[in-house]
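*Asks:* Input: one structure, supplied below.
There are 2 protein chains.
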Amino acid sequence: MSIRLTQTVQKGGCAAKVAAKELRKILGGVEFPPAPPELLIDGRHFDDASVHQLTPELALVSTLDFFTPIVDTPRLFGRIAATNALSDVYAMGGRPITALGILAFPIATLSNEVITEVMQGACDALKKAGATLSGGHSIDDDTLKFGLSVSGLVHPAKIWSNQGARPGDVLILTKGLGTGTLTAALKREAVTELEIKEAMDSMTSLNNAIDWLEPLGLTSAIHAATDLTGFGLLGHAMQLGRASGIDLEFRFSQIPILSGALEMIKQGFLTKAHRTNREYVDDSVDWIGSPLSDEARLLLFDPQTSGGLLLAVAPESADAVVNALPFARPIGRVNERALTHQTRIQITQ
Amino acid sequence: MSIRLTQTVQKGGCAAKVAAKELRKILGGVEFPPAPPELLIDGRHFDDASVHQLTPELALVSTLDFFTPIVDTPRLFGRIAATNALSDVYAMGGRPITALGILAFPIATLSNEVITEVMQGACDALKKAGATLSGGHSIDDDTLKFGLSVSGLVHPAKIWSNQGARPGDVLILTKGLGTGTLTAALKREAVTELEIKEAMDSMTSLNNAIDWLEPLGLTSAIHAATDLTGFGLLGHAMQLGRASGIDLEFRFSQIPILSGALEMIKQGFLTKAHRTNREYVDDSVDWIGSPLSDEARLLLFDPQTSGGLLLAVAPESADAVVNALPFARPIGRVNERALTHQTRIQITQ
Numbered sequence: 173m174s175i176r177l178t179q180t181v182q183k184g185g186c187a188a189k190v191a192a193k194e195l196r197k198i199l200g201g202v203e204f205p206p207a208p209p210e211l212l213i214d215g216r217h218f219d220d221a222s223v224h225q226l227t228p229e230l231a232l233v234s235t236l237d238f239f240t241p242i243v244d245t246p247r248l249f250g251r252i253a254a255t256n257a258l259s260d261v262y263a264m265g266g267r268p269i270t271a272l273g274i275l276a277f278p279i280a281t282l283s284n285e286v287i288t289e290v291m292q293g294a295c296d297a298l299k300k301a302g303a304t305l306s307g308g309h310s311i312d313d314d315t316l317k318f319g320l321s322v323s324g325l326v327h328p329a330k331i332w333s334n335q336g337a338r339p340g341d342v343l344i345l346t347k348g349l350g351t352g353t354l355t356a357a358l359k360r361e362a363v364t365e366l367e368i369k370e371a372m373d374s375m376t377s378l379n380n381a382i383d384w385l386e387p388l389g390l391t392s393a394i395h396a397a398t399d400l401t402g403f404g405l406l407g408h409a410m411q412l413g414r415a416s417g418i419d420l421e422f423r424f425s426q427i428p429i430l431s432g433a434l435e436m437i438k439q440g441f442l443t444k445a446h447r448t449n450r451e452y453v454d455d456s457v458d459w460i461g462s463p464l465s466d467e468a469r470l471l472l473f474d475p476q477t478s479g480g481l482l483l484a485v486a487p488e489s490a491d492a493v494v495n496a497l498p499f500a501r502p503i504g505r506v507n508e509r510a511l512t513h514q515t516r517i518q519i520t521q
Numbered sequence: 173m174s175i176r177l178t179q180t181v182q183k184g185g186c187a188a189k190v191a192a193k194e195l196r197k198i199l200g201g202v203e204f205p206p207a208p209p210e211l212l213i214d215g216r217h218f219d220d221a222s223v224h225q226l227t228p229e230l231a232l233v234s235t236l237d238f239f240t241p242i243v244d245t246p247r248l249f250g251r252i253a254a255t256n257a258l259s260d261v262y263a264m265g266g267r268p269i270t271a272l273g274i275l276a277f278p279i280a281t282l283s284n285e286v287i288t289e290v291m292q293g294a295c296d297a298l299k300k301a302g303a304t305l306s307g308g309h310s311i312d313d314d315t316l317k318f319g320l321s322v323s324g325l326v327h328p329a330k331i332w333s334n335q336g337a338r339p340g341d342v343l344i345l346t347k348g349l350g351t352g353t354l355t356a357a358l359k360r361e362a363v364t365e366l367e368i369k370e371a372m373d374s375m376t377s378l379n380n381a382i383d384w385l386e387p388l389g390l391t392s393a394i395h396a397a398t399d400l401t402g403f404g405l406l407g408h409a410m411q412l413g414r415a416s417g418i419d420l421e422f423r424f425s426q427i428p429i430l431s432g433a434l435e436m437i438k439q440g441f442l443t444k445a446h447r448t449n450r451e452y453v454d455d456s457v458d459w460i461g462s463p464l465s466d467e468a469r470l471l472l473f474d475p476q477t478s479g480g481l482l483l484a485v486a487p488e489s490a491d492a493v494v495n496a497l498p499f500a501r502p503i504g505r506v507n508e509r510a511l512t513h514q515t516r517i518q519i520t521q
C-alpha cells in the first residue's frame, strides 16, 4: 500500500470548504421550507450542527462533514475525517449515536484495501465515541473523499450553541492551531507524517468535552461553543460573536500552537482558505499593541481540520473547566459590544 | 444559464453508485464498532436507511444519498436528488423531518446561480415532504455533486424493512422503470428533457406512500419495502428476497415502463451499472417461458434514480393498496424458497 493519498488530490481537508462569503451569496437566493418550532438550531448562525426537538427531554443533533485526504495513511485519514465529523455533535453539547459514511473514490485506480483502511479508521473513531456506523453512500468519483453524517442526542435545555456567550466569559480552546499549514507542508513533502505527529494526534482526538465535564457538573458553565474547522480561529470566533451579540478578545501569547506551524507558514505553506478566511474576518479584527508577525496573524486564519472546541465559559468555572479538559487553555475573553451592530475581535499580544 | 449540467460529468445519478459486490469486498474487512440493541436496522441487509430506537415510541431513520447531475436543468437536478434521498426514509415507513445538504462543485467554473437553483430544487422537494433543510456541507470539487442526508421518524413497531416479506404477498411497484437508460440518452443528446418528461415527473414524485396508506389504516399491510435505486429492480428485489428469506416472481407484462425506455436500451444507451447489476443478480434469476428480448431483460437491471417503492403487501390488502397509491401496480408475488439458502427470482411473461 505505497500510495500517498495526499498526492491524489489538489486540496485537502477543511481547506477545501466553500468560503463563508460565497456560501452566503448562494444561499441568499434560496427560499427555504418553513422551519417548524421544533427546529431549535438551524444553519442561520453558522452553528456546527442543527438541533431538532423530538420530545420534551430529547433533541436530535444532525451534522455532516467530508473532505479529500489531508494525510497519506488511509486509516489515519478515515480516523481524522470521522473525528472531525463527530466534533460537530460534541460542539452542540450532544453525544453521537449513529453515523452514515460518505464515500467517493476512483474505483478503477484506488485499491479496495485503501478504502477498507479508510473505513476502519472511521470505525476506530466511532468506537471511541461510543457511536455506530449504520450505513452510508458511496460513488465512483475522480478523487477520494470521505466523511460522515452524524446523528447525536442532547437534552433540549442543555444545548451548547454559537449563541449565549456573555461578557466576562473566558474563552477556552481545546487544541492547538496549525493543521492547515502543516498538512499543506505534508502534501508538498516538506514534512513527514511522523514529523507532524503532534498535529496527527490532535486531529484524531475526540472533542468529547461533555464526557469530562458532565461528571463534574460543569456542563452548564459552557455558555457557548463551536469547533474550529475550515474558517479558522477568527472565522469561527466571529460567527460565535455575531450569534451571541458580543465582542471577543484573544491574547496571542496564550493561544496553543502546534509544533512547526509558524515555521511552515513562514516557509509559505498556505492554502486558499488562508486568504479567504482573512478576507472574511479581517475587517472585524483590531490588532492591539506591538504588531504581530505576518505568520502569527496567518495562523489565526489557518483552516483547521478536526480542530478544537472554542468554549465561552462562565468566569467562576473557567479554571475548573481548563483543569477538567485535556490540553484546554484559556486564550481570551468575551466583552460587551463596543459597536451596536457589529462584532469586533481584539487581538493582543 | 445555458450550461448543460449533464455535460459536466462522466456518469450521473445512481448509476455512479459503487457496485454491491465491490462494496461487500471493501466492507468485509472492516471491524465495525459494536452495535447497541437500540440499532434496530443497520446496513447488513441492504436496507435503505438505518433505524435507531430513541424511546419506546420513537425511532430515528437515517439515510444519505448524493450524485452527479443526471439532468441539465439545475433546479430539476436538485429536486430529483432531494426526492431520491427522501425516498429512503419513506421506504422504511418513516417520515422525514430534517435534511442536511451535501454539495460539491467547481467554484471557479460553475456560477453561484446554478448552485442556488440546485438548492432551490431541493427545498421544493423538502417543502412538499414537510421537512426542513437544517444545514449541510459544501466543498470545492472538480464536478458537481449534490444530495441530502435525511433524518426521519418512525414508530419502532411500524418499521418497513427489507425483512418481513411473506409467501403469498403481492409485490407492488409505485413507479415505472427506465430512468437509467433515459438519462443516459439525455446526456448523449438523443432525447431532450421535455421528450422524457414522464421520467422527470417520476423522479420528482415523492415516495410518500405512508401519507396515502396511513389514513386508510393500510400501513400494517406492508410486510416489507425497499426503494429502487442504483441496483435496479432485480438487484433490490434480490436484497429484499435474501433479507426476508423468500423467493420472488415477477410478471414482465405487468411491470410499468417509462415511455421510450425500451427503445433507448435498444439503441444502446446503457451505463456501467447495467452490466454490474446483471453480474450481481443474473445467477439468481430464472427466465420462465418464451424468451424475453435482451432490452426487456436489461430494463430489469436498469439503475433507477429516485425510483419507486417495491412493496410486499398482504394479499388481502393488495387491491386496496394499489388503489390508494398513485401509479402503483401489482407486478408479482412472494413465494416460499425453493432452495434453502438462496433467493431465486422467477421472471415470467
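Here the protein sequences come in this chain order: A and B. Per our numbering, the very first residue in the first sequence carries number 173; after that it's consecutive. Per our numbering, the very first residue in the second sequence carries number 173; after that it's consecutive. Where is the CB? At the ideal position from N, CA and C, for every residue including glycine.
By the 10 Å Cβ neighbour count, where 16 or more other Cβ atoms means buried, how is E289/A classified, buried or exposed?
*Replies:* In the first sequence, the residue the question calls residue 289/A occupies position 117. E289/A counts as buried, since no fewer than 16 other beta carbons sit within 10 angstroms of its beta carbon.
*Asks:* Between L282/A and N334/A, what straight-line distance do the alpha-carbon atoms span, to the nearest angstrom?
*Replies:* The residue given as residue 282/A occupies position 110 in the first sequence. The residue given as residue 334/A occupies position 162 in the first sequence. Looking at the two C-alpha atoms, the distance is approximately 40 Å.
*Asks:* Anyone know if the C-beta pair for S310/A and G307/B falls short of 8 Å?
*Replies:* As a position in the first sequence, residue 310/A is number 138, starting the count at 1. As a position in the second sequence, residue 307/B is number 135, starting the count at 1. No, the Cβ-Cβ distance between S310/A and G307/B is not below 8 Å.
*Asks:* Going along chain B, which residues have a C-beta under 8 Å from A303/A?
*Replies:* Here residue 303/A refers to the residue found at position 131 of the first sequence. For A303/A, the chain B residues whose Cβ falls inside 8 Å of its Cβ are P205, in order along the chain.
*Asks:* Which same chain residues end up closer than 8 Å to Q522/B when comparing Cβ atoms and leaving out the 5 residues on each side of it in sequence?
*Replies:* With chain B running from 173 to 521 in the structure shown, residue 522/B is simply not present.
*Asks:* Mind checking Q182/A: buried by the 16 CB within 10 Å criterion, or exposed?
*Replies:* For the purposes of this step, residue 182/A is taken as residue 10 along the first sequence, with counting starting at 1. Label assigned to Q182/A: exposed.
*Asks:* Is there a Cβ from chain B that is less than 8 Å from the Cβ of M173/A?
*Replies:* Counting from 1 along the first sequence, the entry for residue 173/A is found at position 1. Because M173/A carries a pLDDT of 46, less than 50, the predicted location of this residue cannot be relied on, and no value is offered for it.
*Asks:* Using the Cα positions of A409/A and K444/A, report the straight-line distance between them to the nearest angstrom.
*Replies:* Here residue 409/A corresponds to residue number 237 of the first sequence, with the count starting at 1. Here residue 444/A corresponds to residue number 272 of the first sequence, with the count starting at 1. A409/A and K444/A: Cα-Cα distance of roughly 19 Å.
*Asks:* Below 8 Å on C-beta distance, what does F238/A contact in chain B?
*Replies:* Counting from one through the first sequence, the residue named residue 238/A turns up at place 66. Residues of chain B passing the Cβ test: I274, H309, I311.
*Asks:* Distance, Cα to Cα, L358/A vs T364/A?
*Replies:* Position 186 of the first sequence, counted from the start, is the residue given in the question as residue 358/A. Position 192 of the first sequence, counted from the start, is the residue given in the question as residue 364/A. For L358/A and T364/A, the distance between alpha carbons rounds to 6 Å.
*Asks:* With 9 Å as the limit, tell me which residues of the region 363-376 of chain B have their beta carbon closer than that to any beta carbon of chain A; keep them in chain order.
*Replies:* Those residues of the region 363-376 of chain B placed with their C-beta closer than 9 Å to a C-beta in chain A do not exist.
*Asks:* Do you know offhand how far V322/A's Cα is from L325/B's?
*Replies:* Within the first sequence, the letter at position 150 stands for residue 322/A. Within the second sequence, the letter at position 153 stands for residue 325/B. Whole-angstrom Cα-Cα distance: 16 Å.
*Asks:* Output yes if chain B places a C-beta closer than 8 Å to the C-beta of N380/A; else output no.
*Replies:* By 1-based counting over the first sequence, the position of residue 380/A is 208. No, because no Cβ of chain B sits closer than 8 Å to the Cβ of N380/A.
*Asks:* Does any residue of chain A have a CB that is nearer than 8 Å to the CB of V326/B?
*Replies:* Locating residue 326/B in the second sequence gives position 154, where the first residue counts as 1. Cβ-Cβ to chain A under 8 Å: no for V326/B.
*Asks:* Who are the Cβ neighbours of M173/A in its own chain at under 8 Å, not counting the five residues just before and after it?
*Replies:* Position 1 of the first sequence, counting from 1, holds the residue named residue 173/A. Because the pLDDT at M173/A is just 46, under 50, the model does not fix this residue reliably, and the value given afterwards should be weighed accordingly. Correct list, in chain order: P246, S283, E285, V286, E289.
*Asks:* Assuming D341/A and V506/A are in contact, meaning their beta carbons sit under 8 Å apart, how far apart are those beta carbons, in whole angstroms?
*Replies:* Position 169 of the first sequence, counting from 1, holds the residue named residue 341/A. Position 334 of the first sequence, counting from 1, holds the residue named residue 506/A. At roughly 4 Å, the Cβ-Cβ gap stays under 8 Å, so D341/A and V506/A are in contact.
*Asks:* Can you grab the Cα-Cα spacing for the pair G402/A / P475/A, in whole Å?
*Replies:* Locating residue 402/A in the first sequence gives position 230, counting from the first residue. Locating residue 475/A in the first sequence gives position 303, counting from the first residue. Computed Cα separation, rounded: 4 Å.
*Asks:* Strictly under 8 Å for the Cβ-Cβ distance: is I242/A near chain B by that measure?
*Replies:* Taking the first sequence and counting its residues from 1, the one referred to as residue 242/A is at position 70. No, because no Cβ of chain B sits closer than 8 Å to the Cβ of I242/A.
*Asks:* For a contact meaning CB atoms closer than 9 Å, what does D314/A contact in chain B?
*Replies:* As a position in the first sequence, residue 314/A is number 142, starting the count at 1. Result: Q182, D313, D314, T315.
*Asks:* Return helix, strand or coil for Q426/A, following the three-state DSSP convention.
*Replies:* On the first sequence, position 254 is the one that residue 426/A refers to. In the structure shown, Q426/A sits in a helix (DSSP, three-state: H, G or I).
*Asks:* Specify the secondary structure class of Q292/B as computed by DSSP and reduced to three states.
*Replies:* Against the second sequence, residue 292/B aligns to sequence position 120. Look at Q292/B here: in three-state DSSP terms it is helix.
*Asks:* For Q225/A, write down the residues that DSSP places opposite it in a beta bridge.
*Replies:* Residue mapping note: residue 225/A aligns to position 53 of the first sequence, counting from 1. Answer by DSSP bridge pairing, in chain order: A231/A.
*Asks:* If the cut is a Cβ gap below 9 Å, which residues of chain A does D383/B touch?
*Replies:* Position 211 of the second sequence, counting from 1, holds the residue named residue 383/B. Ordered by position in chain A, no residue passes the 9 Å Cβ test against D383/B, which lies about 16 Å from the chain.
*Asks:* Mind listing, in chain order, the continuous beta strand (DSSP E) runs of no fewer than 3 residues lying wholly within the region 320-407 of chain B?
*Replies:* 342-345, 394-399
*Asks:* Based on Cα-Cα distance, which residue from I418/B, P241/B, D214/B lies nearest to Q179/B?
*Replies:* Taking the second sequence and counting its residues from 1, the one referred to as residue 179/B is at position 7. Ranking I418/B, P241/B, D214/B by Cα distance to Q179/B puts P241/B first.
*Asks:* Once the 5 residues before and after A301/A are set aside, which same chain residues still bring their CB inside 7 Å of it?
*Replies:* Stepping through the first sequence from its first residue, residue 301/A is reached at position 129. Within the same chain, A301/A has close Cβ partners L258, P268, L378, N380.
*Asks:* Would you please state the rounded distance, in angstroms, between the beta carbons of I198/A and M291/B? I believe it to be under 8 Å.
*Replies:* Residue 198/A sits at position 26 when you count from the first residue of the first sequence. Residue 291/B sits at position 119 when you count from the first residue of the second sequence. Confirmed, Cβ separation roughly 7 Å.
*Asks:* Starting from H309/A, trace the beta strand (DSSP E) both ways and give me its first and last residue.
*Replies:* By 1-based counting over the first sequence, the position of residue 309/A is 137. Unbroken beta strand (DSSP E) run through H309/A: 304-312.
*Asks:* Would A492/B and L390/B be called neighbours here (beta carbons separated by less than 8 Å)?
*Replies:* Taking the second sequence and counting its residues from 1, one reaches residue 492/B at position 320. Taking the second sequence and counting its residues from 1, one reaches residue 390/B at position 218. In this structure, A492/B sits near L390/B, with a CB-CB distance shorter than 8 Å.
*Asks:* Please decide whether L195/A counts as near chain B, where near means a Cβ-Cβ distance under 8 Å.
*Replies:* Numbered from its first residue, the first sequence carries residue 195/A at position 23. At a cut-off of 8 Å, the C-beta of L195/A has a neighbouring C-beta in chain B.
*Asks:* So which residues on chain B does P498/A lean against when the C-beta distance must stay under 7 Å?
*Replies:* Within the first sequence, the letter at position 326 stands for residue 498/A. Per Cβ cutoff of 7 Å: no residues; P498/A is ~22 Å from chain B at best.
*Asks:* How would you list, in chain order, the residues of chain B whose beta-carbon sits under 9 Å from the beta-carbon of P208/A?
*Replies:* What you label residue 208/A is simply residue 36 of the first sequence in a count that begins at 1. By Cβ distance, chain B contributes I269, G302, T304.
*Asks:* Can you give the Cα-Cα distance for G350/B and F239/A, rounded to whole angstroms?
*Replies:* Residue 350/B sits at position 178 when you count from the first residue of the second sequence. Residue 239/A sits at position 67 when you count from the first residue of the first sequence. Going by C-alpha positions, G350/B is about 33 Å away from F239/A.
*Asks:* For the beta strand (DSSP E) that A276/B lies in, which residues bound it at each end?
*Replies:* Within the second sequence, the letter at position 104 stands for residue 276/B. 267-277 is the extent of the beta strand (DSSP E) around A276/B.
*Asks:* Rounded to whole angstroms, what is the Cα-Cα separation between G479/B and S374/B?
*Replies:* Here the question's residue 479/B lines up with position 307 in the second sequence. Here the question's residue 374/B lines up with position 202 in the second sequence. In a straight line, the C-alpha of G479/B is about 8 Å away from that of S374/B.
*Asks:* The beta strand (DSSP E) that contains I503/A, what's its start and end?
*Replies:* As a working mapping, residue 503/A is identified with position 331 in the first sequence. Its beta strand (DSSP E) spans residues 501-507.
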